[in-house]
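Student: Once you've had a glance at the structure underneath, I'll fire off some questions.
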Amino acid sequence: MNDMSPADRRAIGRQFGLAALLLIGGLAIAGISLARIHAENQLEMAQATGTPGQPLQATPSPSPQSDKPAESKPGGTRPTTPAPEPARPDPQAQKEGAKPALPPAPAEKMAPPIPERK
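So the sequence shown is numbered by the numbering used here: it starts at 978 and just counts up by one.
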């Protein structure tokens, strides 16, 4: 029934041992990676909290001083005071006299239909 030689049994045993080592190594790498990701997320969360026992407080927003745009800073975000306006006002605003910021879009160019091959 079992006609494998002892050499064949040893070879199969080595292959199973190697497969087990590779599987354990892969699981170890995956576990280390997951632990590292989890630790990085905890660091980000730790930076978002305030001092222990004290509630977080929002910083007061500056009161608007004038209608001029905010000063731009190199590498900063785009200033949004005053708020950006749409390029094409809605029909109600057009009735009240608002003009579009952009000219009307050009008409699409149509080509003759492609003839069918026979």
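Each residue gets a CB set at the ideal place from its N, CA and C atoms; glycine is no exception. Keep in mind that this is a model prediction, so the values were computed, not measured.
(1) Note down the Cα distance separating S1010 from E1017, rounded to an integer number of angstroms.
(2) Measure the Cβ-Cβ separation of A1075 and P1066 and say whether it is below 8 Å.
(3) Reducing DSSP to helix, strand and coil, say where G990 ends up.
Tutor: In short:
(1) Here residue 1010 refers to the residue found at position 33 of the sequence shown. Here residue 1017 refers to the residue found at position 40 of the sequence shown. S1010 and E1017: Cα-Cα distance of roughly 11 Å.
(2) As a first step, residue 1075 must be located in the sequence shown, where it is residue number 98. As a first step, residue 1066 must be located in the sequence shown, where it is residue number 89. Yes; because the gap between Cβ atoms is below 8 Å, this pair is in contact.
(3) Here residue 990 refers to the residue found at position 13 of the sequence shown. Helix at G990.
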